[in-house]
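One structure below.
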Amino acid sequence: MIATKSLQAFFGIGDNSSARLMSRFNIHPTCRVGELANKQVLDLTAVLSEMKIENDLRREVLNDIKRMKETGTYRGRRHALGLPVRGQRTRTQVGFLFPLCDISACAVFQRHMRICG
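For the sequence shown, counting from 1, position 79 maps to 79 in UniProt numbering; every step adds exactly one.
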């Protein structure tokens with residue numbers, strides 16, 4: 001497997017991060033993982049162990065969303081209702097974005113309406 005694709009298989013490492021790591025350790029973009037020298041592999045593992053990737057990053061994202069929900073911010077309410085958070089249009093295709101049969105989202109919406117008025 002190509003080294004850039006194998007780096008991008010980690011959650012939290014995309015195109016830019018993998019390109020930066022490859023250039024940092026002088027690895028050619030089309031180089032395969034088996035062709036890497038032991039020193040390069042050790043350097044990559046050392047850097048990857050310091051980065052926040054995979055489960056640590058997932059846990060941090062979930063904690064951030066949970067904190068937003070608990071504090072009652074606009075983004076937290078949108079997360080709780082299952083609506084778009086980053087300003088996407090909801091005037092059309094609301095049924096696609098907000099499933100009406102989702103009982104948990106409806107319960108959260110009703111609870112929010114009781115609190116806010």
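All C-beta atoms in this analysis are idealised placements derived from N, C-alpha and C, irrespective of residue type, glycine included.
Please read all numbers here as calculations on a predicted model, not as lab measurements.
(Q) Taking a contact to mean a Cβ-Cβ separation below 7 Å, would you say residue 2 touches residue 32 in this structure? (A) As a position in the sequence shown, residue 2 is number 2, starting the count at 1. As a position in the sequence shown, residue 32 is number 32, starting the count at 1. Annotated as proximal: residue 2 and residue 32, with beta-carbon spacing under 7 Å.
Q. If residue 27 sits next to residue 8, beta carbons under 8 Å apart, how far is it from one beta carbon to the other, in whole angstroms?
A. Locating residue 27 in the sequence shown gives position 27, counting from the first residue. Locating residue 8 in the sequence shown gives position 8, counting from the first residue. Their Cβ separation, rounded to whole angstroms, is 14 Å, which puts residue 27 and residue 8 out of contact at 8 Å.
Q) Straight-line CA distance for residue 91 to residue 82? A) On the sequence shown, position 91 is the one that residue 91 refers to. On the sequence shown, position 82 is the one that residue 82 refers to. Looking at the two C-alpha atoms, the distance is approximately 15 Å.
Q) So residue 11 and residue 57 are in contact, right, with Cβ under 8 Å, and what is the actual spacing, rounded? A) Residue mapping note: residue 11 aligns to position 11 of the sequence shown, counting from 1. Residue mapping note: residue 57 aligns to position 57 of the sequence shown, counting from 1. Sure, about 6 Å apart at Cβ, within 8 Å.
Q: Using a threshold of 7 Å, state whether the C-beta atoms of residue 59 and residue 68 are closer than that.
A: As a first step, residue 59 is located in the sequence shown; it is residue number 59 there, counting from the start. As a first step, residue 68 is located in the sequence shown; it is residue number 68 there, counting from the start. No. Outside cutoff.
Q: Could you check the C-alpha separation between residue 88 and residue 29 for me, to the nearest Å?
A: Mapped onto the sequence shown, residue 88 falls at position 88. Mapped onto the sequence shown, residue 29 falls at position 29. If you take the alpha carbons of residue 88 and residue 29, they lie about 36 Å apart.
Q.
Quick check: what's the CA-CA separation for residue 148 versus residue 84?
A. Nothing about residue 148 can be reported from this structure: the residues present for the chain run from 1 to 117 only.
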